[in-house]
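Numbering (the numbering used here), first residue to last: 860 to 1105.
Glycine included, every Cβ here is placed at the ideal spot set by N, Cα and C.
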Amino acid sequence: MDKLIKEKLPRHVAIIMDGNGRWAEKKNLTRIQGHIKGIESVRNIVTFCRELEIPFLTLYAFSEENWGRPKEEVSALMELLKRYLIEELEEMDKYQIKLKAIGELSRLPLDVYETLIDIIEKTKDHRGMTLVLALSYGGRSEIINAVKKIIKSLSKRDINIDEITPELFSHFLYTNDIPDPDLLIRTSGELRISNFLLWQSAYTEFYFTKTLWPDFDKEEFLKALIDYQSRERRFGLTMPSRKLNQ
Ligand code: FPP
């Protein structure tokens, strides 16, 4: 395997953690047990990113569409999320991990919402790495929310129409203080983006693996990083002109 080049690491990795249910099914376990195993992968990957000094990691933990799953599964996921947040605070303090969340957070059950806000507040001055959880998140809704906020700003004359640029638009998204992802990983063999970071992934490198999320370990993550480092990122330019612009 090629070696990892420290200088070429992505600044922001985003992950669609898919395949907990299939992992459980293969082992004759319940879907909830699959999610519990999935949390182990979350812990391993967060720690590994911190060790590698990757500044931003975004995890798609619960999509807007996931509200449509059976009630028992939704409640179990919410309970697991709350437990994860409470249990991880010590590690977040120790490794200086700052927690952020993106999505329609007001839809979360009140106890989960309050725990989340509490941990975000307690970790806000941490400088080691930013962990972003996408919760009740949908990319299209995020864009529509941004459009509504822009229309309000226009009607209050806080901005004028000529000021609306992609940069300004980005500031109205949930991710306004987070750089766009450099690398987006999806596990479990599905080849789609499923309403995740639609605006932000305009120039993101995609990496798809058949590995199911509970089996996604440090070694699998390294494979994704090494693959990413082999790509030539041109951002719509030719290579010489990109170098000139740097
Ligand atoms: C996809 O597996 C995964 C999810 C819907 C949620 C991911 C959640 C976790 C890893 C646990 C909670 C997260 C945190 C951050 C505490 P799936 O159920 O869609 O699997 P399938 O496609 O095989 O059915």
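Check your understanding: Between the C-alpha atoms of Phe1028 and Leu863, what's the straight-line distance to the nearest angstrom?
Key -> Reading the sequence shown from its first residue, position 169 is the one you call residue 1028. Reading the sequence shown from its first residue, position 4 is the one you call residue 863. In this structure, the CA atom of Phe1028 is about 35 angstroms from the CA atom of Leu863.
Review point. Do Thr1063 and Leu1043 have their C-beta atoms within less than 8 angstroms of each other?
Key: Along the sequence shown, one-based indexing puts residue 1063 at 204. Along the sequence shown, one-based indexing puts residue 1043 at 184. The criterion of a C-beta distance shorter than 8 angstroms is satisfied by Thr1063 and Leu1043.
Review point. Considering only C-alpha positions, which residue in the set Glu949, Arg1045, Asn1054, Asp1036 is nearest to Ser995?
Key: Along the sequence shown, one-based indexing puts residue 995 at 136. Of Glu949, Arg1045, Asn1054, Asp1036, the smallest CA-CA separation from Ser995 is found for Asn1054.
Review point. Heavy atom of ligand 1 less than 7 angstroms from the Cβ of Phe921, yes or no?
Key: Taking the sequence shown and counting its residues from 1, one reaches residue 921 at position 62. Distances taken from the Cβ of Phe921 to the heavy atoms of ligand 1 include one shorter than 7 angstroms.
Check your understanding: Using the beta-carbon count (16 or more within 10 Å), is Trp926 buried or exposed?
Key -> Reading the sequence shown from its first residue, position 67 is the one you call residue 926. Exposed, because fewer than 16 other Cβ atoms sit within 10 Å of the Cβ of Trp926.
Exercise for review: Note down, in chain order, each residue of its chain lying with its Cβ closer than 6 angstroms to the Cβ of Glu963, except the 5 sequence neighbours on either side.
Suggested key: Stepping through the sequence shown from its first residue, residue 963 is reached at position 104. Exclusion of the five residues before and after Glu963 leaves Ser995 as the residues of its chain whose Cβ lies within less than 6 angstroms of its Cβ.
Check your understanding: Thinking C-beta only, is Ala920 closer than 8 angstroms to Ala873?
Key -> Counting from 1 along the sequence shown, the entry for residue 873 is found at position 14. Counting from 1 along the sequence shown, the entry for residue 920 is found at position 61. At a Cβ-Cβ threshold of 8 angstroms, Ala873 and Ala920 do not count as neighbours.
**Study point:** Cβ-based neighbour list, Cys908, same chain, cut-off 6 angstroms, excluding 5 preceding and 5 following
**Key:** Start at 1 with the first residue of the sequence shown, and residue 908 comes out as number 49. Closer than 6 angstroms at the Cβ level, and outside the excluded window around Cys908, lie Leu916.
Point to revise | Glu910 versus Thr974: straight-line alpha-carbon distance, rounded | key: For the purposes of this step, residue 910 is identified with residue 51 of the sequence shown, where counting begins at 1. For the purposes of this step, residue 974 is identified with residue 115 of the sequence shown, where counting begins at 1. For Glu910 and Thr974, the distance between alpha carbons rounds to 26 angstroms.
Review point. What did DSSP end up calling Ser1047 once you bin it into helix, strand or coil?
Key: Here residue 1047 refers to the residue found at position 188 of the sequence shown. Coil.
Practice item. Just mark Ala1061 as buried or exposed, buried being the case when its beta carbon has 16 or more other beta carbons within 10 Å. Key: Translated into the one-based positions of the sequence shown, residue 1061 becomes position 202. It is exposed - the Cβ of Ala1061 has fewer than 16 other Cβ atoms within 10 Å.
Exercise for review: Using alpha carbons as the reference points, say which of Lys953, Arg1051, Lys957, Glu938 lies closest to Ile891.
Suggested key: To locate residue 891, count along the sequence shown from 1; it is residue 32. Taking each of Lys953, Arg1051, Lys957, Glu938 in turn and checking the Cα distance to Ile891, the smallest one comes out for Glu938.
Review point. Based on the DSSP secondary-structure assignment, which residues constitute the bridge partners of Ile956?
Key: For this step, residue 956 is matched to residue 97 along the sequence shown. In the DSSP assignment, Ile956 forms a beta bridge with Met988.
Review point. Does the separation of the CB atoms of Ile1002 and Leu1057 fall below 8 angstroms?
Key: Along the sequence shown, one-based indexing puts residue 1002 at 143. Along the sequence shown, one-based indexing puts residue 1057 at 198. Contact annotation: Ile1002 and Leu1057 have beta-carbon atoms nearer than 8 angstroms.
Review point. If you count every other CB in all the chains shown that lies within 10 Å of the CB of Phe1094, and 16 or more means buried, which is it?
Key: Within the sequence shown, the letter at position 235 stands for residue 1094. Flag for Phe1094 reads exposed.
Review point. Within this structure, are the beta carbons of Ile978 and Leu936 separated by less than 8 angstroms?
Key: Taking the first residue of the sequence shown as position 1, residue 978 is located at position 119. Taking the first residue of the sequence shown as position 1, residue 936 is located at position 77. Taking 8 angstroms as the cut-off, the Cβ atoms of Ile978 and Leu936 do not count as close.
Check your understanding: By DSSP, does Glu963 sit in helix, in strand, or in coil?
Key -> The count along the sequence shown starts at 1 and reaches residue 963 at position 104. In the three-state scheme derived from DSSP, where H, G and I count as helix and E and B as strand, Glu963 is classed as coil.
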